[in-house]
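Asker: Offset between the first sequence (1-based) and this note's numbering: plus 1. Beta carbons are placed, not taken as given, at the ideal position from N, Cα and C, and that holds for glycine. Note that the coordinates shown come from a computational prediction; the quantities given were computed from them, not determined experimentally. Sending over a structure as structure tokens; questions will come in a sec.
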Amino acid sequence: MRAEALEIIWRTVVAIPRGEIATYGGIARRAGMPGRARLVGHALKAAPAGLELPWHRVLGAGGRIAFPKGSRLYAEQARRLRAEGLEVVDGRVRNSGAPDLDMLLWKPQ
DNA sequence: GTTGTGACATTAT
DNA sequence: CATAATGCCACAA
Numbered sequence: 002m003r004a005e006a007l008e009i010i011w012r013t014v015v016a017i018p019r020g021e022i023a024t025y026g027g028i029a030r031r032a033g034m035p036g037r038a039r040l041v042g043h044a045l046k047a048a049p050a051g052l053e054l055p056w057h058r059v060l061g062a063g064g065r066i067a068f069p070k071g072s073r074l075y076a077e078q079a080r081r082l083r084a085e086g087l088e089v090v091d092g093r094v095r096n097s098g099a100p101d102l103d104m105l106l107w108k109p110q
């Protein structure tokens, strides 16, 4: 069951369109496991490199990068996000004028 | 078995 | 804005 859950999470993450973002909690909900945001984080950490998951599109609540500022992964994620046209300022994705982050968040139909 | 830690979230203070 | 308290669950010691 545990391994299945990881696959579901991976597939959910893969489905995030380029240039859009999602949150850990949001992914968990979309994967049918509300309240299990931490599991999403674990799934990403445990993900094989071969999957080429767009893990950089997964952010913490409020569009904040979940890594410690200055860490290697932090810089890497910011770099990749900027490569997709998103603006990253002080560890968070800057939404241009949008009232809520939900406007940038990936909303599955 | 228990405990502490962690790519988290939400609510309350 | 920042902390703290909970809830959540996988994993390592």
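Assuming Ala23 contacts Arg58 under a Cβ cut-off of 8 Å, what Cβ separation, rounded to an integer in Å, is found between them?
Answerer: 6 Å
Asker: Skipping 5 residues on each side, what residues in its chain have a beta carbon closer than 8 Å to that of Val15?
Answerer: Leu52, Leu54 and Pro55
Asker: Could you give the DSSP three-state label for Glu5: helix, strand or coil?
Answerer: helix
Asker: Per DSSP, what kind of secondary structure is Trp11 in: helix, strand or coil?
Answerer: Note: Trp11 maps to helix in three-state DSSP.
Asker: Which term fits Leu74, buried or exposed, when burial requires 16 or more other beta carbons within 10 angstroms of its beta carbon?
Answerer: exposed
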